[in-house]
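J.:
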Amino acid sequence: MMQSKLSRRQMLQRIGGLGLAAATPNVFATQAAATQRQSLNPVPSPVARQVTSFALHDVELMPGPFFQARLRSQQYLLTLEPDRMLHTFRVNAGLPPKAEVYGGWESNSTWADIHCQGHTLGHYLSGCALMFGATQDARFKQRTDYIVSELRDCQTASKSGLITAFPEGNSLMDTVLSEGKYTGVPWYTLHKIYAGLRDACLYTNNPTAREVLVRFCDWAVTATSPLTDAQFQKMLESEHGGMNEVLADAYAMTGDARYLSLANRFCHQSILIPLAKNRDYLDGLHANTQIPKIIGFRRLYQETGQKDYQVASEFFWKTVVNTRSFVNGNHGDDEHFFPPAKFSEHVFSAKASETCCEYNMLKLTKMLFEDSPSAAYADFYERALYNDILASQDPDTGMVTYFQGNRPGYMKLYCTPIDSFWCCTGSGMENHAKYNESIYFKSEDAVYVNLFIPSTVRLRPGVSLAQTTQFPEQPGTKLQWKTDAPIHFRMKIRHPYWCKRATVKINGKVVLKSSDASSYMELDREWHNGDLVEVDLPMHMRAVALPGEERIIAFVYGPVLLAGALGREGISTGSDLNINERLYGSVLNTPFTPPTFSGDPHDLVRQAKPAGEALHFDIPASGSDTKIRLKPYYKIAHERYATYWKVSPETSAV
């Protein structure tokens, strides 16, 4: 095997900074088979990133909503017992388990058919590795080290690189690879374990994790080699996570060309080919099956320079963000893409906006930004981060959502601590561990300020930038330089899409006024210790119409989605903790009639009055003296809410 000559930092940058991700249209099946072999082994021509993110430990979060969300996630991760997640891995390796297996998706017969047993361990390994990277809390490294050593023991005992927690043991993959009948998503589950091992390598510098990962990759190379291209593509019709992404990462880490070849084989041609031709055939497809594939396409573009991968990933992002997304930045209904012309038929579902989808869309967005640092990518990242990811966590328990639907009067439903272990429970273990990965980016002589989150970034030894802000509760931010000696640097501060005019001061003097929303305001100068940059970003409320439906609107203030807080009528304490994600939409269905609006949506905005607390507003409801309280959606918990409103025309008195 070719050994890597890259330093750890070079390896991290090559993999993508420090943030490291159904039915198929038959019309392309014949073409896919014909072109598959040609695309498997492009001559690698790696594409250099224009910018990279900072190491997680080089960005320190300060108190604020993201800091608190991360703290809740830390507390939850530390309550979980690795030996319970390792139970079936040890059994399958012929080793005695050390603790009882967890329930929910991990062992309960209700979910046995989806074959996700073991996915939680992979997400947990990633979550702990990311948390160590972000906080340097040794408890998380101890947990990752322990899990990695246990997985190594499982590989040794089973005399195989394959490690699984499937009830059938490792034989399930024999069935998958021999075109036998099976249910569920085995490759998707294995991908989570691959990714956990990769993240343990990257964020905790554990050499054993690399050894286990390499053996696991070697197994995949050998196990899949007998498959013809047509058989391989048939196998990819089942959800397989981001196998192409993680194998491309393994190639970047090791230099082993076999992993790059297999990563290319794991690219689903029936998805790649139309996207590479700028064709949208996403209607009806399972959304979160597709997004990890696209992440893999982007990783392969970064490693090979192959144009199809570039075009497909960029077109997919534009399509989903610009034509298929709700106001919160997420998309889909009941986990599937629907035709953009039918938004009104899906908007009021309780099963819209699967949280895993946004987890993956943010991964893709970060990769695209590093290749081409456009403010449009950062604008979307901010929109989704506040209105979906931050909003997905229960502020009391740290539990997370599966869907975040728009059914008026419904509630956010959260997983339980040890009886659910949904896919979104797993991605939720990672979401709140990596808030500091996309606040700042860097090029050789510039620092990009993308997000307005209290934090300090270490640019280089002796040089740091501290951001003090109460955004979004206050419309602006302050950035102060700390440097041992004067230094020349370009600051590129995002002028967000939602801000009409922005102003920048340096040491109290106005130096820049911008009316170019969704751009970067550049400050190119020599900086001295204590230099203070103040950014004023005025916010306003606006009514955002559902695509194609002018009278279905949401209220937004700056980047923040405002939801109607509709109280707890008919709701008992704890009823929003939910073991079974399949019950979304059918539980908490007591009759409830939400208030309504009428008139011109823009007049409604003008009628909104501040309600005392920051980002809280009152708007009169139609036909009564009732006032509807609007508040940030990310602060909504344990009560009914509405995010979209049907606004009826105002009727004149006869």
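For the sequence shown, my numbering assigns the number 32 to the initial residue and increments by one for each residue that follows.
We put the beta carbon where it would ideally sit given N, CA and C, even for glycine.
Please state whether DSSP places K223 in a helix, a strand or coil.
T.: Looking at K223 - three-state DSSP - the assignment turns out to be helix.
J.: Need the endpoints of the alpha helix (DSSP H) that F171 sits in, please.
T.: A169 to S189 is the span of the alpha helix (DSSP H), which, as asked, contains F171.
J.: Using 8 Å as the Cβ pair cut-off and three pairs as the minimum, do the segment 540-548 and the segment 500-517 touch?
T.: Touching, no.
J.: Rounded to whole angstroms, what is the Cα-Cα separation between N275 and L331?
T.: Spanning the two alpha carbons is a distance of roughly 8 Å.
J.: By Cβ distance, which residues of its chain are closer than 6 Å to M430, with the 5 residues on each side in sequence left out?
T.: Here the set comprises Y445 and C446.
J.: Name the DSSP bridge partner or partners of T487?
T.: For T487, which the question treats as bridged, DSSP gives the partners E91 and A497.
J.: Would you decide whether P75 is buried or exposed? Buried here means 16 or more other CB atoms lie within 10 Å of its CB.
T.: Counting Cβ neighbours within 10 Å, P75 comes out exposed, since fewer than 16 surround it.
J.: Let's test the definition: count the other Cβ atoms within 10 Å of the Cβ of R438 and tell me whether it reaches 16, buried, or not, exposed.
T.: Classification of R438: buried, given that the 10 Å Cβ count is 16 or more.
J.: Nearest-angstrom Cα distance between S423 and G630?
T.: So the alpha carbons of these two residues sit roughly 32 Å apart.
J.: List the endpoints of the continuous alpha helix (DSSP H) containing V252.
T.: Unbroken alpha helix (DSSP H) run through V252: P238 to T255.
J.: Could you check if I667 is buried or exposed, using at least 16 other CB atoms within 10 Å of its CB as the buried criterion?
T.: The residue in question, I667, is buried, as its Cβ has 16 or more Cβ neighbours within 10 Å.
J.: Looking at the strands, I want to know which residues DSSP matches up with V575.
T.: For V575, which the question treats as bridged, DSSP gives the partners A585.
J.: Does the Cβ of A288 have 16 or more other Cβ atoms within 10 Å, making it buried, or fewer, making it exposed?
T.: Classification for A288: exposed.
J.: Return yes when the Cβ of M522 is within less than 8 Å of the Cβ of L568, no when it is not.
T.: No, Cβ-Cβ distance for L568 and M522 is not below 8 Å.
J.: Three Cβ pairs or more, each shorter than 8 Å: is that satisfied between the segment 389-409 and the segment 580-599?
T.: The segment 389-409 is not in contact with the segment 580-599.
J.: Could you tell me the alpha carbon to alpha carbon distance between L303 and K212, rounded to whole angstroms?
T.: Going from the Cα of L303 to the Cα of K212 covers about 26 Å.
J.: Could you check which residue in A318, G273 and T350 has the C-alpha nearest to that of K308?
T.: It is T350.
J.: Is it buried or exposed, E581, if we count other Cβ atoms within 10 angstroms and call 16 or more buried?
T.: By the 10 Å Cβ count, E581 comes out exposed.
J.: Beta-carbon within less than 6 Å of D144's beta-carbon, same chain only, minus the 5 sequence neighbours each way: which residues are those?
T.: For D144, where only same-chain residues beyond five positions count, the Cβ hits under 6 Å are T214 and G215.
J.: Output the distance between the C-alpha atoms of P641 and D649, rounded to the nearest integer angstrom.
T.: Near 6 Å, if we compare the C-alpha coordinates of D649 and P641.
J.: How big is the Cα-Cα spacing for W453 and L608?
T.: For W453 and L608, the distance between alpha carbons rounds to 13 Å.
J.: Looking at the secondary structure, which residues open and close the alpha helix (DSSP H) in which E401 lies?
T.: Its alpha helix (DSSP H) spans residues T386 to D402.
J.: Under a Cβ-count criterion, where at least 16 other Cβ atoms within 10 Å of its own Cβ denotes burial, should E131 be classed as buried or exposed?
T.: With fewer than 16 Cβ atoms within 10 Å of its Cβ, E131 is classed as exposed.
J.: Could you compute how far the alpha carbon of L221 sits from the alpha carbon of D311?
T.: Spanning the two alpha carbons is a distance of roughly 29 Å.
J.: Hey, could you find the ends of the beta strand (DSSP E) M522 is sitting in?
T.: Taken as a continuous stretch (DSSP letters only), the beta strand (DSSP E) holding M522 covers I518 to H526.
J.: If you reduce the DSSP assignment to three classes, tell me which class G215 lands in.
T.: Here G215 sits in coil by DSSP.
J.: Can you give the Cα-Cα distance for T253 and L208, rounded to whole angstroms?
T.: Cα-Cα distance, rounded: 11 Å.
J.: For the candidate residues E112, Y234, L108 and E210, whose alpha-carbon lies nearest to that of D89?
T.: The residue with the shortest Cα to Cα distance from D89 is Y234.
J.: If we count Cβ pairs, one from each stretch, closer than 8 Å, do we get three or more for the segment 112-119 versus the segment 497-510?
T.: These segments do not touch.
J.: Would you call K443 buried or exposed, if buried means 16 or more other Cβ atoms sit within 10 Å of its Cβ?
T.: Label assigned to K443: buried.
J.: Is H118 helix, strand or coil by DSSP?
T.: Here H118 sits in helix by DSSP.
J.: Please list the segments of the alpha helix (DSSP H) lying wholly inside the segment 422-489, counting only runs of 4 or more residues, in order along the chain.
T.: For the segment 422-489, whole alpha helix (DSSP H) runs of length 4 or above, ordered along the chain, are 454-462.
J.: F687: which of C185, A261 and C298 sits nearest, CA to CA?
T.: No answer is possible for residue 687: it lies beyond the span of the chain, which begins at 32 and ends at 685.
J.: Could you say which of L278, G363, L161 and L482 lies nearest to I326 if we only look at CA atoms?
T.: Out of L278, G363, L161 and L482, L278 has the C-alpha closest to the C-alpha of I326.
J.: Would N319 pass as a contact of E366 if the rule is Cβ separation under 8 Å?
T.: Going by C-beta atoms, N319 is nearer than 8 Å to E366.
J.: Taking the alpha-carbon of P217 as reference, which of D427, G153, R671 and M204 has the nearest alpha-carbon?
T.: Selected option, being the one with the closest Cα: M204.
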